[in-house]
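Colleague: My questions all concern the structure below.
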C-alpha cells in the first residue's frame, strides 16, 4: 500500500452544489476508485451475464481469444485485469481504445445493408 504522501492526487474544479460558487478539491486515486467502483462492477456484471447466455460454440472462441475492451473505460488502470479476474476470460485493451468504437460504427453505417440483421431493435 502506498503511503498517503505518495498517493497520486488529482485537482478537480467545479461548482459547489450547495453554495453555487466555484470550488477546487483534491481527490486521491483511492477516492476516484471508490466513486467509480459501482459502475465498473455493473459493467462486469453485464459482461458476465452476456457470457452466460452465449452459445457454447461462440463461448469457446471468446475464451480462446479473449475479450477486446474499447472506449474510455477500457483505459482505466487495471480494469482489464479486474475484468479478467472476475469473468475468468482473458481481457485486452484495444490498440486505439478511444477511437475504435466510432470507427467501427462508421464502417457499420457505410455498410448498413450488410449489418442490418446484426443491429438490434429496441
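In our numbering, the protein residues as written are 224 to 345. Built from N, CA and C at the ideal position, the CB exists for glycine as well.
(1) Where do the N-terminal and C-terminal ends of the beta strand (DSSP E) with residue 341 fall, by residue?
(2) Ends of the alpha helix (DSSP H) at residue 268?
(3) Is residue 316 helix, strand or coil when you go by DSSP?
(4) Report the option in 262, 267 and 313 whose CA atom is closest to the CA atom of residue 284.
(5) Residue 294 by DSSP, collapsed to three states: which one?
(6) Around the C-beta of residue 296, are 16 or more other C-beta atoms found within 10 angstroms, so that it is buried, or is it exposed?
(7) From residue 248 to residue 235, what does the alpha carbon distance come to, in whole angstroms?
(8) Assign residue 329 to one of three DSSP states: helix, strand, or coil.
(9) Under 9 angstroms, do residue 321 and residue 259 count as touching if we go by C-beta distance?
(10) Check whether the Cβ atoms of residue 306 and residue 286 sit closer than 9 angstroms, and answer yes or no.
(11) Nearest CA to the CA of residue 302: which residue from 256, 246, 231 and 233?
(12) Please state whether DSSP places residue 307 in a helix, a strand or coil.
Modeller: In terms of the structure at hand:
(1) The sequence position of residue 341 within the chain shown is 118, counting from 1. Where residue 341 is concerned, there is no enclosing beta strand (DSSP E), given that its DSSP letter is neither H nor E.
(2) Translated into the one-based positions of the chain shown, residue 268 becomes position 45. Residue 268 -> alpha helix (DSSP H) spans 252-276.
(3) Numbered from 1 along the chain shown, position 93 holds the residue referred to as residue 316. In this structure, residue 316 counts as strand in the three-state DSSP scheme.
(4) Taking the chain shown and counting its residues from 1, one reaches residue 284 at position 61. Among 262, 267 and 313, the Cα nearest to that of residue 284 belongs to 313.
(5) Translated into positions along the chain shown, residue 294 becomes position 71. Note: residue 294 maps to coil in three-state DSSP.
(6) As a working note, residue 296 is residue 73 in the chain shown. Exposed, because fewer than 16 other Cβ atoms sit within 10 Å of the Cβ of residue 296.
(7) As a first step, residue 248 must be located in the chain shown, where it is residue number 25. As a first step, residue 235 must be located in the chain shown, where it is residue number 12. Approximately 5 angstroms, taken between the alpha carbons.
(8) Working through the chain shown from its first residue, we reach residue 329 at position 106. Looking at residue 329 - three-state DSSP - the assignment turns out to be helix.
(9) In the chain shown, the residue the question calls residue 321 occupies position 98. In the chain shown, the residue the question calls residue 259 occupies position 36. Their beta carbons are not under 9 angstroms apart, which means residue 321 does not touch residue 259 by this criterion.
(10) Stepping through the chain shown from its first residue, residue 306 is reached at position 83. Stepping through the chain shown from its first residue, residue 286 is reached at position 63. For residue 306 and residue 286, no; Cβs fall outside 9 angstroms.
(11) Taking the chain shown and counting its residues from 1, one reaches residue 302 at position 79. Of the listed residues, the one whose Cα sits closest to residue 302 is 256.
(12) Start at 1 with the first residue of the chain shown, and residue 307 comes out as number 84. Three-state result, residue 307: helix.
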